[in-house]
Each structure stands twice: as C-alpha cells, then as structure tokens.
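There are 2 protein chains.
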Amino acid sequence: MVRKLPPGLNEQSFADAVASFRRAVGDKWVIDDDAQLANYRDPFAVLDPEHLTASAVVMPASVEEVQAVLAVANDTGVPLSPVSIGKNLGYGGPAPRLPGAVVVDLKRMNRILEVNEKFGYALVEPGVSFMELDNYLRERGIDFWVDVPDLGWGSVLGNTLERGVGYTAYGDHFAIQCGMEVVLADGDVVRTGMGGVPGSSTAQLFKYGFGPVYDGIFTQSNFGIVTKMGLWLLPKPPGYQAYMITLAHEEDLGPFVEILRTLKMNGTITNVPSLRSVLLDAAAVAPRSHFYSGTGPVPDSVSRKIMADLNIGWWNFYGAMYGPQASIDLQWQTVRDAFSTIPGASFYLAGEHDSPVLATRAKVMACQPNLETADIFQWFDNGGHVDFAPLSPATSEDALSQYAMVRDACLEFGKDYMGNWIVGRREMHHIQMTMFDTKDPDDRTRTLAFTKQLIRQAAERGYGAYRAHPAIMDEVAATFSFNDGALMRLSERVKDALDPKGILAPGKQGIWPKSLRGKGL
Amino acid sequence: MVRKLPPGLNEQSFADAVASFRRAVGDKWVIDDDAQLANYRDPFAVLDPEHLTASAVVMPASVEEVQAVLAVANDTGVPLSPVSIGKNLGYGGPAPRLPGAVVVDLKRMNRILEVNEKFGYALVEPGVSFMELDNYLRERGIDFWVDVPDLGWGSVLGNTLERGVGYTAYGDHFAIQCGMEVVLADGDVVRTGMGGVPGSSTAQLFKYGFGPVYDGIFTQSNFGIVTKMGLWLLPKPPGYQAYMITLAHEEDLGPFVEILRTLKMNGTITNVPSLRSVLLDAAAVAPRSHFYSGTGPVPDSVSRKIMADLNIGWWNFYGAMYGPQASIDLQWQTVRDAFSTIPGASFYLAGEHDSPVLATRAKVMACQPNLETADIFQWFDNGGHVDFAPLSPATSEDALSQYAMVRDACLEFGKDYMGNWIVGRREMHHIQMTMFDTKDPDDRTRTLAFTKQLIRQAAERGYGAYRAHPAIMDEVAATFSFNDGALMRLSERVKDALDPKGILAPGKQGIWPKSLRGKGL
Chain V
1 MVRKLPPGLN EQSFADAVAS FRRAVGDKWV IDDDAQLANY RDPFAVLDPE HLTASAVVMP
61 ASVEEVQAVL AVANDTGVPL SPVSIGKNLG YGGPAPRLPG AVVVDLKRMN RILEVNEKFG
121 YALVEPGVSF MELDNYLRER GIDFWVDVPD LGWGSVLGNT LERGVGYTAY GDHFAIQCGM
181 EVVLADGDVV RTGMGGVPGS STAQLFKYGF GPVYDGIFTQ SNFGIVTKMG LWLLPKPPGY
241 QAYMITLAHE EDLGPFVEIL RTLKMNGTIT NVPSLRSVLL DAAAVAPRSH FYSGTGPVPD
301 SVSRKIMADL NIGWWNFYGA MYGPQASIDL QWQTVRDAFS TIPGASFYLA GEHDSPVLAT
361 RAKVMACQPN LETADIFQWF DNGGHVDFAP LSPATSEDAL SQYAMVRDAC LEFGKDYMGN
421 WIVGRREMHH IQMTMFDTKD PDDRTRTLAF TKQLIRQAAE RGYGAYRAHP AIMDEVAATF
481 SFNDGALMRL SERVKDALDP KGILAPGKQG IWPKSLRGKG L
Chain X
1001 MVRKLPPGLN EQSFADAVAS FRRAVGDKWV IDDDAQLANY RDPFAVLDPE HLTASAVVMP
1061 ASVEEVQAVL AVANDTGVPL SPVSIGKNLG YGGPAPRLPG AVVVDLKRMN RILEVNEKFG
1121 YALVEPGVSF MELDNYLRER GIDFWVDVPD LGWGSVLGNT LERGVGYTAY GDHFAIQCGM
1181 EVVLADGDVV RTGMGGVPGS STAQLFKYGF GPVYDGIFTQ SNFGIVTKMG LWLLPKPPGY
1241 QAYMITLAHE EDLGPFVEIL RTLKMNGTIT NVPSLRSVLL DAAAVAPRSH FYSGTGPVPD
1301 SVSRKIMADL NIGWWNFYGA MYGPQASIDL QWQTVRDAFS TIPGASFYLA GEHDSPVLAT
1361 RAKVMACQPN LETADIFQWF DNGGHVDFAP LSPATSEDAL SQYAMVRDAC LEFGKDYMGN
1421 WIVGRREMHH IQMTMFDTKD PDDRTRTLAF TKQLIRQAAE RGYGAYRAHP AIMDEVAATF
1481 SFNDGALMRL SERVKDALDP KGILAPGKQG IWPKSLRGKG L
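Residue numbers (the numbering used here), protein chains in the order written: chain V, 1 to 521; chain X, 1001 to 1521.
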C-alpha cells in the first residue's frame, strides 16, 4: 500500500477532496492508485520507502488550474506538495515531506514563454527541463547557453528554486534568476521585481523592482507556487576548454584550496569548478564490487590501487576556461604554474586523459545537459545517495577540518567518503554523496544516522548545510539556531501570514504550519 | 515650528514617550528641540519644507538600545523612522516619510566589526560611511576596494539597503551584500543566511543559507532595522584606467546604447559606466546662471554653446578599465573601435581632457570616495534635486523613447533635462536629476508635478522606477499594479505579520501599516 492519507482526513473526506481535484484539473490529471503513486516515491529512500509517500497527485496545466487546486486544498484542508518535475533524486525526488500530502506535479506547465536574443534570458514555466531549454536554444542557433547542473533532465525553475548550482560563471542559478510569478496559498498571483508593472519590458532584465525584494523567500520555501521564472543565459564564449588536475595525496587538499581561492579571487578561474574524491570518480567507471568485495569503507590501499589503475588522483579537479584561444592559453599557463607547486599534481586538457568523468565534466561546463553523472549510482546495487552538504570557507584549515570530520565518520559508520567540493565565489559547497543500497534497511539506517551525526558535528564547528533531503530537513533547520532559533520564528511568522491554513508543502525546509508544528511528523 | 507630533499622540502622551526614549538611550541621545530637529528635515524638500519633519530623534548605540527603543514604540504607539546616517540627499535625507515619526538615527553604531583580507569582505554597522571604510582599508594597506556611490559620506549599509549603486564590477551593492543582522519590530534579532548557525564561518561568504532567503525583504522596506551587514570587497586590480567618450548629437543616444549593450554582454566593459547629458556635466562646472540667464529650460542653442566651450558632447560617457596594462590597452582598442562607428564620437583617457566630471568619475570608478559630485547642486541657488529613476532596457528604442518622454516633459514644465544613464548588467537606470530651487515654492510645485507626470507616463509604457523620494513613494508603488496591486497586498501581509502595530517607517516605499492605510498621509 503506497497511498497515505493526509493528517486529519479519513477515506470519505479524502475521496470527496479527490473528486474536487478531478473537477479542478480533469479526471485524467489526478492520480490516486497505488501503481502510479509509486512513481512519486523517494527514488533513493533513506527512510522506509513507504514513509514519504503521497495520497494523490494532481497535475494542473495552467495558473488558473493551480488556483483551482489551491481552492480545493483551502476548502478541504488537504496539504499540497508542489514539484516542478521532481527529478532532484538526491533530495527526495517528487516525494512530499509530509506523508500523505497531495503532490502538485507541474510538469504539464512546460512552455518556454520567451527567449530573448538581445539580452540573453529565458522565461519558463516549471515543467521546462534543462534539456528542453538547451534544445530550444541549439535548434534556433541562439548564441546563448543555459547553465546546467550535473543531471540535465530536471526543471530549470525547480532547480533554481532549490538553489541548485551549475558549473559556469552562471553556476549560481538563484543569482541569475530574474523575475517570478508566484501563486500564493489563497490563489493571489504576484509578479516580483519589475514584473509588477503591467507591460514591463525589464521584468527579466532587472532583479529588484521597487520596495522589498521577494524572490528569495520563494526559494527553498513553502510560501507559494512559482509558475513562471526568468533566467539569464550565458553569452556563448568565443572559445572553451575543460581541464583536469589530479592530486596524488590526501593532504594535498589543504594547499590546493589555498591556491584555488587565490585564483578564484583574482579572476583567473571564472567558472564554478569542482574537486572530487577518488571513490566518487571510481564510481563513474564501475560498481564498488569491481574494486573491492569487502564490507566496510573501501580501504585506502584499495583507493591507491584505483588511482594507479585509472591514472587519477586522490583528489581530481575539474575546471574550464572560456574566451579567445589566446586568453585560454594564458589562463592554462597561470593555472598550471600556480598548482605545479603541489608535488605530484598532473594536468590534462579534455581529450588528454581517458577519464569518463573528465569527458562528462567537459560537457557540463560547456552547458551540454546530459545524464552521465547518474553512472555513479551503480556504486551499490539498488544504489542511491543522500547528501551531507555543508558550506566551507575556501581555506586549507576549513577544508581539511571538514574532510577529516567526514572521513572519520565514514570509518565509524562503514561508509565511503565520496566528496565533491563545488567552488563558488568565496566558499565551497562540500557535498558528501553518501552512497547506499536503497533496498538494504541496515544500510539505510546507518546512512541516516551517519548523516545526522555529521549535521550535528558540523554545526558544533559553525558549519551549516545549504540544502537537505526531506528526511533531514528538520535536523538541518535546527542548526540555524542563533538567538534560540530566531530565523525559524521569522519563517513561521511569514508562513502563518501567507498560508494561514498551512496547505503548502508542510515541513519543507523544516517550516511547519501552525497546526502541525512540533508534532514530529 | 519644525516639530510634528505622530498621528494619535498629544503633547502629554508624546512627552511621556520622549521620556521613555530618554531612559532607553540616555538623555543626550534624544533630540526634540526645533533647532536640532531642523537638521533632520529633507535637505532638498520638494514638498513644503515643514511637511516631512520628525517629532524627535533617538540615537541608540547598540542592538540592545535599538531593542529598548522598539519596546518604547510598541508601548506608546510612536512610529519610528530608522536611518543609518541619512545622507541620501536626493531621496529625502534623514526625513521620515510619515510626518511626526521619531527618527532613529543609527550613526552611533559605527563599528567596522571585521575586514577579512583572505576573502575580501567587511562586516559593518549602519553608521559606517564609505569614506570611513575606505580609510580603514587604505590605512592598513588592505588590497581590496569598497565600491562607492557618487557621494562618499553616506552609510555603506544604508546605501545597500536602499539598493544604491556604484560604478565598478561590484556596483550592484545588494548583489554583493552577504549576511544581515535584523532587529524585528518586536525586538527579535535575526541573522540571515549562514549567520543563523552560531559561530558560522561562512556568514559573510555565502549569501543564501538554508530555507527562504530573507535579505531582500529588508531592502527598500519597513520590516526591520538592520544592525549589521556583510559586504564583499573588490580585489584591487593590477591596473586601472578611466575614460570619457563624448557624443556630438542628441540622436547618438540610440546607436550608442546598442553598441554599449553588446560590449556589456560580451564582457568587454566590466564595470557600471554612466552616460550623462550635457547640462548635467555643465552643472559640475558652473551655476546655470553662468550659461543662461533666461527662464524656462536651457535652449538647445545654449547647450550647443556649452558643448563647444567645455569641449564636451551632448552625451558624455564615463567608463573604466581594470586589469594588467596589456589587457587595458586591448579593452581600450575594442571600445574605441566599437564606438568609432558613431560620427563625431571623441575618446579621452583620464588626464587627456580637463573635464572636472572625468576627474571625479575617475576617482569614483577607482573606489575613491569623495563629495565632488555635489558640485552639481550649484545649478540653482538653494539647489536641490528630485529624481525620476525609471529602468530602461539597454536598447536604442527604449533609450530614445524614455529620453523623448522626459525631454518633452521638461519643455512642458520648464525644467532642464539632466539625465544620467547608469548601465547595469542588462538594463540601465535612467536617472533624471531634476534640479530646482528649494526656496522657490513655484519651482517646487512644478518639479513635483513634472515628476508625478513622468511616473504615470512611464508606467503607461511599462517602465517602472527603482527608487523614489518619500514625496512620490506612493505614486511609484501604485505603478506596480499587476493583478490589481498583488505586490502591495503581499507587502501589506508581510508588514502586518512582522510589525502588527505598524511602528516601523510607516509609508516607506508606499507600504503603510493597517492603521494608517488609505489615509493619504
């Protein structure tokens, strides 16, 4: 039995609500049978796979239908869980945070409303994927790129709302978002920024408008349903070259990050590069069993054999250079000179090394959406991952401290360290992608306990996470505890003001409506 | 009589409130005598100078004293009007939007709490001016610059909260703001972003944190009092060169903007340059009476004589180049090649022309705060200005349309066109700095009517303003009328949730608390 009822509803009142949803969006766009609901489960369930499941799914095709769905929810008290496409697999996919919520799947709202070739922006609905927008641009020969995340099948709007990242100079997607249309819980439709002026020609050109800037409160939030979003596109550069740097030793992390910060701050490295640990890159080549048949974490000796066999480093860095060839040549010389001070560092342009990861990164950093990064899920049978994603200052001290903390916890819990450091402007997203067998209850339990311990340990050292799987949202939110949780008090006040009946995504990012607060759901 | 009482208070209840404020911050830090209150009037009053005046001023020196002041306001119903330093002269200076509000002057909170030399950021209190922060950096030989606005005496925090701009690659101050501490109306202290994690080391490195991003709703708003703010500093470039391009003809605006957009989008021009009209630059040289003794707008024939006498253009463009000398040389060649297609365009590096504006712009774009831009207030006796500040897409069509609209209104109302186009990433702030004699009631009336007409006309064409003087905040807010004013409904819901008694800056940006809504104050 997949289906769960929402809190406070019984079979009859729920059946009445479903009938109302059917009237709102049409019979065929409401799902409430087990077989189809199974598609809306957490694809990488770290809890019991039957836990975070929906009671039904509704698929509105327009703003008016979204309003109609909200009206039903307000009337019946049925909580909703909006998803754009639901492909953020490591963060619960389409599964609701609140068991029994009705998923509002927005994938039918999939229009590319505008692509502007003068200014380089797109205005999209929630159901537009990176692949679709990329196709649109390439088919028309438009000289702009859409910055893409690791996997290209997800929603442009959804990824941006969750503050997902890509790997070019436009990798901070929320920073290049410009203009939103939001349907509030009561159905009111707001356009943010300059979009508030009817007929505005700058709604997708200027982020702020007049008065308070609201876009931020609709990201990682449950305050509204975003139905349109503007996003800036990257002017296609005159030239492009991806590269890989391998580091031979565990402790090279420290000096590498120091040099990296300097190259980021002085503008030599203009994109969002990433530094990946040996096992994460091994996972792109073959399952864990190919390298190691024992239980417990892959031993360092095996890691070193993998390094030799695959000709990769303990750490592997992937960056890209953009511009005219002369500028690329100069950047490459500067990058090599800087990192050559690390003994054993090796340098490869894309094509000079047979690493499948380098080939994939070369595509991603050139804004070619693909699904190749999903290869790493082969690490375990029934492989999934849940991420611990703390922010780290780009310093040797912080990077080594976070690494040691995670590595030691890996040893304690029998997990593999699979770290991916994604390098922003002044900080790094340190993403420990904890792989596990989604069909193994013991592995799930250990993985969750491991992740929760890391959240606590990190917070004790002042490190907070930037994103979280639904199973750990409350735990991460609790670490933002300054002034006895003033930030959550603010969120709850805004939540109660904008969604007094608590129908939108209860519990998302730890924000619960008044009626469900403190219930441990 | 300068002093005005707040709505709903009489002399006795107000005197009791003032006594409470004195207990909160100390006797000497409360002002309620006419002589000193006069310093808190609008310096460039476009309304009756006695209209937007305060009932008193309180000067807390700490977060605790801010909380104590808020407690008094909540107890007594006295509305507050927080200012950081109050030097945004064209936008009302320290004057409250609500006549009779108590100004909370935060200039005693003037600590530079941290400057980080690894990552280039500063953490400041409201009372820190650009000049003070700049001094701090230069005295210590810190290799970072703080991006500065036209006048350097204002608050770094206050300017950023009002979404003021500077002229380097860090000119969008809100975009480089990172981390806030906000005291809400009930005294609760919130830290945004990663600052929510106690002991966070990334509070000034990563803008977003976990969950909704709140910083935006505390800009151009009356939802809280910001008491600390992080701001990124610009890595000092290896070389710098400012330049000026003069354009001979009115109609050159169109092709110039087209070329400019291309150079901005392709990354040739990396800073925030500005394009100024002939009379705006003339005002930096001498008063209007030096050039023209008639009434009504300065005739075009006089403008052309000014162009010849000062060797400047109808339009004058000020940009800067940053980087190694070889890169600057290349940029200059590219810029000259691109704009040389406009007949009569002339090119000058700083030092090659005796324009005082070029000398000033060269300082501002090199992050050297100064007060030289204030010279333009000499245009009239008792000179002041009020700005009409619409956003324009960076296209020929939009720029010419906005220019014609403002120029024609100037002829109708007898005002001088003094336009300053500040060029952002994909848009331009078109700032018509309307000069007037602050002691001339007729000029004030015409200036205000002129500005209000432009707001209406611009909105009819889909152009909204990014900022406004208190006298026109309601008018500008009303142009954001999509869906019958959904944006303002949202603002009012948030206002009522966060400040239910309506004590913070009533009316700011057109947002009134419930008790004062629709009263035409």
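Each residue gets a CB set at the ideal place from its N, CA and C atoms; glycine is no exception. No experiment lies behind these values; they were computed from the predicted model shown.
Strictly under 8 Å for the Cβ-Cβ distance: is residue i near chain V by that measure?
i, result
"residue 1228 (chain X)", "no"
"residue 1216 (chain X)", "yes"
"residue 1291 (chain X)", "no"
"residue 1087 (chain X)", "no"
"residue 1482 (chain X)", "yes"
"residue 1391 (chain X)", "yes"
"residue 1423 (chain X)", "no"
If you draw a straight line from the alpha carbon of residue i to that of residue j, how long is it in whole angstroms?
i, j, result
"residue 1496 (chain X)", "residue 203 (chain V)", "27 Å"
"residue 1491 (chain X)", "residue 1097 (chain X)", "17 Å"
"residue 1349 (chain X)", "residue 1358 (chain X)", "9 Å"
"residue 84 (chain V)", "residue 230 (chain V)", "15 Å"
"residue 1399 (chain X)", "residue 1170 (chain X)", "24 Å"
"residue 345 (chain V)", "residue 334 (chain V)", "14 Å"
"residue 159 (chain V)", "residue 336 (chain V)", "33 Å"
"residue 72 (chain V)", "residue 53 (chain V)", "20 Å"
"residue 1302 (chain X)", "residue 1320 (chain X)", "30 Å"
"residue 124 (chain V)", "residue 163 (chain V)", "16 Å"
"residue 516 (chain V)", "residue 184 (chain V)", "20 Å"
"residue 1514 (chain X)", "residue 1050 (chain X)", "26 Å"
"residue 1142 (chain X)", "residue 1368 (chain X)", "14 Å"
"residue 1405 (chain X)", "residue 512 (chain V)", "50 Å"
Distance cutoff 8 Å, beta carbons only. Does residue i sit that close to anything in chain X?
i, result
"residue 427 (chain V)", "yes"
"residue 347 (chain V)", "no"
"residue 501 (chain V)", "no"
"residue 453 (chain V)", "no"
"residue 97 (chain V)", "no"
"residue 388 (chain V)", "no"
So, under 8 Å CB-CB, residue i and residue j are touching, yes? Tell me the CB distance rounded to an integer number of Å.
i, j, result
"residue 1057 (chain X)", "residue 1103 (chain X)", "4 Å"
"residue 1174 (chain X)", "residue 208 (chain V)", "7 Å"
"residue 182 (chain V)", "residue 218 (chain V)", "5 Å"
"residue 462 (chain V)", "residue 1199 (chain X)", "4 Å"
"residue 168 (chain V)", "residue 261 (chain V)", "Not really, about 19 Å apart at Cβ, beyond 8 Å."
"residue 1247 (chain X)", "residue 1315 (chain X)", "4 Å"
"residue 1212 (chain X)", "residue 220 (chain V)", "6 Å"
When you compare each of the options to residue i by their alpha carbons, which one comes out closest?
i, options, result
"residue 201 (chain V)", "V:505, V:121, V:242", "V:121"
"residue 1330 (chain X)", "X:1241, X:1342, X:1434, X:1463", "X:1241"
"residue 1042 (chain X)", "X:1025, X:1068, X:1099, X:1059", "X:1099"
"residue 509 (chain V)", "V:409, V:91, V:227", "V:91"
"residue 1077 (chain X)", "X:1049, X:1162, X:1459, X:1018", "X:1018"
"residue 1109 (chain X)", "X:1245, X:1037, X:1061", "X:1061"
"residue 528 (chain V)", "V:367, V:368, V:89, V:279", "The first residue shown for chain V is 1 and the last is 521, placing residue 528 (chain V) beyond what the model contains."
"residue 474 (chain V)", "V:438, V:519, V:434", "V:519"
"residue 560 (chain V)", "V:483, V:347, V:478", "Nothing about residue 560 (chain V) can be reported from this structure: the residues present for chain V run from 1 to 521 only."
"residue 180 (chain V)", "V:191, V:187, V:186", "V:191"
"residue 1318 (chain X)", "X:1295, X:1292, X:1270", "X:1270"
"residue 1375 (chain X)", "X:1168, X:1150, X:1394, X:1408", "X:1150"
"residue 1268 (chain X)", "V:235, V:288, V:246, V:263", "V:235"
"residue 65 (chain V)", "V:107, V:45, V:95, V:48", "V:107"
"residue 338 (chain V)", "V:373, V:255, V:144, V:290", "V:255"
"residue 1044 (chain X)", "X:1093, X:1521, X:1353", "X:1093"
Checklist entry - Within the chosen definition, does the region 1443 to 1454 of chain X reach the region 1409 to 1417 of chain X through at least 3 CB pairs nearer than 8 Å? => result yes
Checklist entry - Counting pairs of Cβ atoms below 8 Å between the region 265 to 279 of chain V and the region 414 to 432 of chain V, do you hit three or more? => result yes
Checklist entry - Counting pairs of Cβ atoms below 8 Å between the region 426 to 439 of chain V and the region 27 to 37 of chain V, do you hit three or more? => result Fewer than three pairs of CB atoms, one per stretch, sit closer than 8 Å, so the region 426 to 439 of chain V makes no contact with the region 27 to 37 of chain V.
Checklist entry - Between the region 1238 to 1256 of chain X and the region 1358 to 1376 of chain X, do three or more beta carbon pairs fall short of 8 Å? => result yes
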